[in-house]
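For any residue, its number in my numbering is found by taking its place in the sequence shown, counting from 1, and adding 700. Glycine included, every Cβ here is placed at the ideal spot set by N, Cα and C. Report on one structure; see the data block that follows.
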Amino acid sequence: MVKKKVVLAYSGGLDTSVCIRYLQKIHDAIVTTVTVDCGQDEDFNEIENRALAVGAARHIHIDSREEFANEYVSRSIKANALYQGKYPLATALARPLIASKLVEVAATEATNFVAHGCTGKGNDQVRFDITIKSLNPDLNILAPIRDMNLTRDEELRFAMEENIPIPLEAKNYSIDVNLWGRAIEGGELEDASVEPPESIFHFVKNRSNEARYIEIEFRSGIPIALDGHSLNLLDLIEEMNKIAGSHGVGIVDLVENRIVGIKSREVYEAPAAISLIECHKDLENLVLTDHEINFKWIIEEKWSWLVYSGLWLEPLRRDLDEFINRVQRRVNGKVRLRLQNGSCRVVGRSSKNAIYDPDTATYSRRSVFDQRLAKGFIELWGKQSVVSNKIISKFEPLGED
Ligand code: ARG
């Protein structure tokens, strides 16, 4: 019988390393591993060597950093995307990109089998499977950890027995990292009442107590310059991870609602994501109307939920992006941010498109606002409330709920 070729998404961690061996043992497969660089700043030679040492017949490295920054992260900045109002979606954004590369490699390798190392308890399986099937419904998806219902302890035991080298940190935690953030799960963090130890953080380190001011310039909703220096998005994010991280900014500790119904305690560090979204939101407040901002909140919430839920390729996500992109045309300007001891606070903003008008807002003599207009406005604005309270007072004393 001809052996089947399987293309496996490979990160170099525990799950995907044991997958190589399981695919060989259970499926008698010839495994091609694919590592997609989404800015995880890892030693990719070491990852390739590990893949080959564990048994991959071939390893493919794909540098997708620019694509990740420009096609995925940029949209999430414009959408101010924070799941449950807190998590910047780093993992959720990278999964559809990695899945699309798997589908491409499967085509060039002329096989109908792709594989991933996701467990059956998480969100990532949902994101991989839906994206893969959306791009090529003919592909068969193997997920050894899920298919065999393996626990992490069983995986660790198998790795030991099989002499599969596992990085030390991966023995204690399940970690996922890319340009937009780092997710840390498992180990002692599973006790939701326990504070995460400082030692787990990589981005947020070497903290300084001094305040640091930084200016971010946006064009069409995308950050384009840092302290007056033009940078492409990828470099700007990398720089922001360092700067904001060194001021303790970007730690998120969240009891998260997974797609599969489980509540999980997740710890993230995402200095660039947290600080850039803060700046972007602030600039939008300066240049968009009240109506646009209020409506966009609904869109942002839906967008974040879709992306979190594995529905990157859902047409609705693209439809929402049309709205978001249209609004972003006016989101140009500069935001000044103060970073200190874990806080990031916008302290100034300016834009040629500002709707904010100091001559209208001022309490000084400069004011161009005729206060007398307010009286009639209030009369009309409160009309229905005033009348309805008159009616209600016939049934119940006023002020009782
Ligand atoms: N809970 C986050 C998400 O679903 C992060 C998952 C991180 N994955 C991991 N293998 N540690 O997007």
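Taken through DSSP and simplified to helix, strand or coil, residue 935 comes out as helix. A direct Cα-Cα distance of roughly 21 Å separates residue 1024 from residue 1050. Sequence-distant partners of residue 921 (beyond 5 residues in either direction) whose C-beta falls short of 6 Å from its own C-beta, in its chain, are 778, 1028 and 1031. Assigned with DSSP and collapsed to three states, residue 839 falls in coil, not helix or strand.
Within the same chain, 889, 953 and 967 come within 7 Å of residue 896 by CB-CB distance, once the 5 residues on both sides are set aside.
The nearest non-hydrogen atom of ligand 1 is less than 7 Å from the C-beta of residue 822.
In this structure, residue 758 lies away from residue 735, with their beta-carbon atoms at least 8 Å apart.
According to the DSSP assignment, residue 957 belongs to the beta strand (DSSP E) that extends over 951 to 957.
Residue burial annotation: residue 709 is buried, with at least 16 other C-beta atoms found within 10 angstroms of its C-beta. Contact between the stretch 979 to 987 and the stretch 941 to 959 is absent: fewer than three C-beta pairs spanning the two stretches fall below 8 Å. The three-state secondary structure of residue 831, taken from DSSP, is helix. Within the DSSP secondary-structure output, residue 930 pairs in a beta bridge with 925. Of the candidates 957, 745 and 702, the residue whose Cα lies closest to the Cα of residue 729 is 702. Beyond the five residues adjoining it in sequence on each side, residue 909 comes within less than 8 Å, by CB distance, of 1040 and 1041 in the same chain, given in chain order.
In terms of side-chain proximity, the C-beta atom of residue 874 is found nearer than 7 Å to a non-hydrogen atom of ligand 1.
The residue from 925, 1089, 769 and 964 with its alpha-carbon nearest to that of residue 893 is 964. Cβ atoms of residue 1034 and residue 917 come within 8 Å of each other, at about 5 Å.
In the assembly as shown, residue 1069 is an exposed residue. Its beta-carbon has fewer than 16 other beta-carbons within 10 Å. A distance of 8 Å or more separates the beta carbons of residue 1016 and residue 831. In the DSSP assignment, no residue is bridged to residue 1053. In the DSSP assignment, residue 964 falls outside any alpha helix (DSSP H) and within the unbroken beta strand (DSSP E) covering 963 to 969. Exclusion of the five residues before and after residue 723 leaves 706, 708, 729, 731, 815, 842 and 844 as the residues of its chain whose Cβ lies within less than 8 Å of its Cβ.
Residue pairing from DSSP places residue 759 in a beta bridge opposite 733.
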